[in-house]
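*Asks:* Protein chains in written order, with this note's numbering: chain A, 10 to 147; chain B, 10 to 147.
We put the CB at the ideal spot given by N, CA and C, even for glycine.
Protein chains: 2
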Amino acid sequence: MTDVFRNRPGYALRRAANAMMAELARRLATIDLRIAEASVLLLVNDRLDVTASEIGRTLDIQRANMVPLLGRLEDAGLIERRPIDGKSQAVLLTTKGQTRRAEADAITDTFEDELLQRIAPEHRDHLVPALGALWRAD
Amino acid sequence: MTDVFRNRPGYALRRAANAMMAELARRLATIDLRIAEASVLLLVNDRLDVTASEIGRTLDIQRANMVPLLGRLEDAGLIERRPIDGKSQAVLLTTKGQTRRAEADAITDTFEDELLQRIAPEHRDHLVPALGALWRAD
DNA sequence: ATGAGAATGCTATTGTCAATAACTATCCTG
DNA sequence: CAGGATAGTTATTGACAATAGCATTCTCAT
């Protein structure tokens, strides 16, 4: 079948993202994390007083979708919620969460290294800037 | 918040694909098509005797998921199914389907042009090859 | 020519991520 | 202190994808 879509940036983007996410999901499943959960863990460690809504804004996850996400992480004993004031709550990693975060970090790091290795050297360094332009324009 | 993910190819890929698909979905909605439906329409016109399973293989859509997809296109009067033998069936565009396909083609073409325009010239030509390497490796 | 295995189409269900709307309670600011 | 913004929540929906299982038909090697 003629590869009608070979040169279509939109289609290539969709397929590449799909393949990438499928593989990453498979790898993260070995430590019982979904992609969205792992990204939250990776983010949280960076600060000590991150609120749920702040995480949502950074990762572009709607407040409504943060609720079950954080709920699962809490049920798994990976995060704790601590009230900041009557309205906001800080999200922080438990000891178990820190361990899991380190594992997730290792998995995603090696995965992304491998991803880049698949790209011909002359294209490699252009990928992230090009993607950045697409994502931040929306 | 520190942008922990700024330089992560996996994350950038996910976000870019997401933003792209959201916008494309919005544009295709004006002609009552989902992204997956549009890609089938675009593909079908290219040949006259494409079978459902062949479409699925090309677009990486599982047989099980092709069923409702083609069902919707048929309900909308855009495609017809014609038995090839007792087992396979050809998918072909109705007149209405050809018109719709042309509209979808126009929308996706200008959309993808605009996408590329958002990327700095020095990165632009590297995007599709880089994505291709990621998608075809999986 | 036939019998085994592959291919096709289908049903039904599940999962992941995301979007929307509506609600409550709290906060911040003028 | 009143009004509007913000935080968290509930519930529902949608799009795309994956899995398992089933019936029929085709194909190919013996």
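Where A129 of chain A and V137 of chain A are concerned, what is the direct C-alpha to C-alpha distance, given to the nearest angstrom?
*Replies:* 14 angstroms
*Asks:* Any idea what DSSP makes of Q98 of chain B, helix, strand or coil?
*Replies:* strand
*Asks:* What are the start and end residues of the beta strand (DSSP E) that includes R17 of chain A?
*Replies:* DSSP places R17 of chain A outside any beta strand (DSSP E), giving it a letter other than H or E.
*Asks:* Applying a beta-carbon distance threshold of less than 8 angstroms, which residues of chain A neighbour E121 of chain B?
*Replies:* R17, P18, G19
*Asks:* From what residue to what residue does the alpha helix (DSSP H) around R56 of chain A run?
*Replies:* From DSSP, R56 of chain A is part of no alpha helix (DSSP H); its letter is neither H nor E.
*Asks:* Does the Cβ of G106 of chain A have 16 or more other Cβ atoms within 10 Å, making it buried, or fewer, making it exposed?
*Replies:* G106 of chain A is buried by the Cβ-count criterion.
*Asks:* 9 angstroms is my cut-off, CB to CB: does R109 of chain A come that close to chain B?
*Replies:* no
*Asks:* Please decide whether N27 of chain A counts as near chain B, where near means a Cβ-Cβ distance under 9 angstroms.
*Replies:* yes
*Asks:* Helix or strand or just coil, what does DSSP make of R35 of chain A?
*Replies:* helix
*Asks:* Measuring only between beta-carbons, confirm whether M30 of chain A sits less than 9 angstroms from chain B.
*Replies:* yes
*Asks:* Just to make sure I have the definition right: I need the residues of chain A whose C-beta is within less than 7 angstroms of the C-beta of R127 of chain B. Which are they?
*Replies:* By Cβ distance, chain A contributes A142, L143, A146.
*Asks:* Residues bridged to I64 of chain A by DSSP?
*Replies:* Answer by DSSP bridge pairing: none, since I64 of chain A is not bridged.
*Asks:* With 16 other CB atoms within 10 Å as the buried threshold, where does P18 of chain A fall?
*Replies:* P18 of chain A is buried by the Cβ-count criterion.
*Asks:* Should T117 of chain A be flagged as near chain B, meaning a C-beta pair shorter than 9 angstroms?
*Replies:* Look at T117 of chain A: its C-beta is under 9 angstroms from a C-beta on chain B.
*Asks:* For the region 83–99 of chain B and the region 45–65 of chain A, state whether three or more C-beta atom pairs, one from each stretch, are separated by less than 8 angstroms.
*Replies:* Touching, no.
*Asks:* With the cut-off set at 9 angstroms, would you say R36 of chain B and W144 of chain A are in Cβ contact?
*Replies:* no
*Asks:* Quickly, what does DSSP pair I88 of chain B with across the bridge? List them, please.
*Replies:* B:L102
*Asks:* Which of the three DSSP states, helix, strand or coil, is assigned to Q71 of chain B?
*Replies:* In the three-state reduction of the DSSP assignment, Q71 of chain B falls in the coil class, being assigned neither a helical nor a strand state.
*Asks:* For R109 of chain B and I116 of chain A, what's the separation of their Cα atoms in angstroms?
*Replies:* 44 angstroms
*Asks:* Determine the DSSP secondary structure at L140 of chain A, reduced to helix, strand or coil.
*Replies:* helix
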